[in-house]
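The structure appears right after this line, and notes come after that.
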Amino acid sequence: MSELFGKYLFLSPATPRDIDCDMYGLYSISFLNLNNKPYRDIRGEFSKFGDILRLTSGAEGTPRNS
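Once you know that position 45 of the sequence shown is 40 in the numbering used here, the rest is easy, because the numbers rise by one and skip nothing.
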């Protein structure tokens, strides 16, 4: 994870005890899109680390990765 901190200045990962999958075995990540990256760019960044089932936007228009 340390290599990501230089690229993502506002990255604040959860501690391992806070990370758990849902009843379907999927993980969710919520984040703020402070740089206003386009949906396409965000999907591209997260897809480097695994499959993306769904990418949705929160109440403030901030994409969320599931």
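Ideal Cβ positions, reconstructed from N, Cα and C, are used throughout, including at glycine.
Taking the alpha carbon of residue i as the reference point, which residue from the options has its own alpha carbon closest?
{"i": "residue 26", "options": "16, 41, 15", "result": "41"}
Tell me whether the beta-carbon of residue i lies closer than 8 angstroms to the beta-carbon of residue j.
{"i": "residue 37", "j": "residue 21", "result": "no"}
Taking the C-alpha atoms as reference points, what is the distance between residue i and residue j?
{"i": "residue 19", "j": "residue 44", "result": "19 angstroms"}
{"i": "residue 17", "j": "residue 23", "result": "8 angstroms"}
{"i": "residue 34", "j": "residue 46", "result": "15 angstroms"}
{"i": "residue 39", "j": "residue 15", "result": "23 angstroms"}
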